[in-house]
Every structure is written in C-alpha cells, then in structure tokens.
Amino acid sequence: MQPAHLWWIAAALAVAAELATGTFYLLMLAIGLAAGALAAHGGLGLTGQIVSAAVVGAGAVALWTWRRGQTPGGPAATADPGLNLDIGETVHVTGWDADGSARVHHRGANWTVLWDGSPNEPPPGPGTYTIRALRGNRFIVGR
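If you count the sequence shown from 1, position 36 lands on 36 in full-length UniProt numbering, and the numbers rise without skipping.
The following block contains the structure:
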C-alpha cells in the first residue's frame, strides 16, 4: 500500500472520529493529514510528509483557536432566549418584599423574581417587568 493511501485513511478516520465526538479540532487535524497525503502524492519523502502534516494540522488548530478568541461569545445560557423561552416575556409585580424579591404568577405557576438593578438600589415599585435571565428557579427582571 502506498504512503498516500495511509494518509488518506488516517484523514478519513479523523473525520469519522470528529463526526462521532463533535469536536472541531479533529477536523483541523484531518486537514493536516490530508496535507500529508498530498505531500506523498507530490513525491516528498516520509520526513517531508510528516512535516507537512504537522505544520498544516498545527497551523489549522492554531488558526481556529485564534479565530474563536476573536469572535464574541453569545449570551450566557441563563440569559439566552433561544434556550429559555421565558426571557423577554413580561410579568406583573404587585409588590416587592424587603429582600428585593417578589412573587408573580407566570404560565400557570408562582415564581420568585429578583430585581436586575444594583443591590443597593431598591426595585422601583409595582408594575410590569421584563424577564431578563434565570438564576436557578428565579426570574431576574428589569424594566
């Protein structure tokens, strides 16, 4: 079996492992293995093939890691409306307790809500508030 075939088989195994695990870094390493196969097709010796695979694979991983660091992350899971359908909904607070919490009725259940403002700032009073996040089983609300 020719060395290029071994490189292609290794790249295919890395892609299969990536599909099974969901880690994107294995795909970057598979690109490096494909570079090793192309180097074998190009007639480079075993050392050149290994160096090509290592440089391209490590470069792809480094580039992907750098790129991920440059893009801002999304909202935290506790404040992501795609994960928590209550975020963005409104609730009516009839009164606040001394500890800055209140009880509201939302979607057929009673919930504890906490004010999203400064801890030293008291909630503004009764009214309609928007759910901004969830902390455990409590809604964090604000105007």
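Backbone N, C-alpha and C define an ideal beta-carbon position, used for all residues, glycine too.
Checklist entry - Is T94 helix, strand or coil when you go by DSSP? => result In the sequence shown, counting from the first residue as 1, residue 94 sits at position 94. In the structure shown, T94 sits in coil (DSSP, three-state: anything other than H, G, I, E or B).
Checklist entry - Between the segment 80 to 94 and the segment 122 to 131, are three or more C-beta pairs nearer than 8 Å? => result yes
Checklist entry - According to the neighbour-count rule (16 or more other Cβ atoms, all chains shown, within 10 Å of its Cβ), is A55 buried or exposed? => result Here residue 55 refers to the residue found at position 55 of the sequence shown. Note that residue 55 is Val in the sequence shown, not Ala. Result: exposed.
Item to check | Under the three-state DSSP convention, the category I131 falls into | outcome: As a working mapping, residue 131 is identified with position 131 in the sequence shown. Residue state, collapsed to three classes: strand.
Checklist entry - Roughly how far, in whole angstroms, is the beta-carbon of A40 from the beta-carbon of W7, given that I think they are within contact range, below 8 Å? => result The residue labelled residue 40 in the question sits at position 40 within the sequence shown. The residue labelled residue 7 in the question sits at position 7 within the sequence shown. Sure, about 6 Å apart at Cβ, within 8 Å.
Next on the checklist: For a quick check, are the C-beta atoms of V93 and V113 less than 8 Å apart?
Outcome noted: Here residue 93 refers to the residue found at position 93 of the sequence shown. Here residue 113 refers to the residue found at position 113 of the sequence shown. Their beta carbons are under 8 Å apart, which means V93 touches V113 by this criterion.
Next on the checklist: Quick check on L33: buried or exposed, where buried means 16 or more other Cβ atoms within 10 Å of its Cβ?
Outcome noted: Within the sequence shown, numbered from 1, the residue matching residue 33 stands at position 33. Burial call: buried.
Checklist entry - Using a Cβ-Cβ cut-off of 7 Å (strictly less than) and excluding sequence neighbours within five positions of A10, which residues of its own chain qualify? => result If you number the sequence shown from 1, residue 10 lands on position 10. Taken in chain order, the residues that qualify are L33.
Checklist entry - How is the alpha helix (DSSP H) around T65 delimited, first residue to last? => result Looking up residue 65 in the sequence shown gives position 65. From DSSP, the alpha helix (DSSP H) with T65 extends over 46 to 70.
Checklist entry - Could you give the distance in angstroms between the alpha-carbon of T47 and the alpha-carbon of A53? => result Here residue 47 corresponds to residue number 47 of the sequence shown, with the count starting at 1. Here residue 53 corresponds to residue number 53 of the sequence shown, with the count starting at 1. Computed Cα separation, rounded: 10 Å.
Checklist entry - Considering only the beta carbon of each residue, do F139 and W111 sit closer than 8 Å? => result Along the sequence shown, read from residue 1 onward, the residue named residue 139 stands at position 139. Along the sequence shown, read from residue 1 onward, the residue named residue 111 stands at position 111. Result yes, Cβ atoms of F139 and W111 sit closer than 8 Å.
Checklist entry - Alpha carbon to alpha carbon, how far is H105 from G73? => result Position 105 of the sequence shown, counted from the start, is the residue given in the question as residue 105. Position 73 of the sequence shown, counted from the start, is the residue given in the question as residue 73. Taking the straight line joining both Cα atoms gives about 33 Å.
Next on the checklist: Within a Cβ cutoff of 8 Å, which residues of the same chain sit near P123, ignoring the five residues on either side of it in sequence?
Outcome noted: As a position in the sequence shown, residue 123 is number 123, starting the count at 1. The residues are V93, W96, G100, A102, W115, G117.
Checklist entry - Skipping 5 residues on each side, what residues in its chain have a beta carbon closer than 7 Å to that of G127? => result Translated into positions along the sequence shown, residue 127 becomes position 127. Taken in chain order, the residues that qualify are V93.
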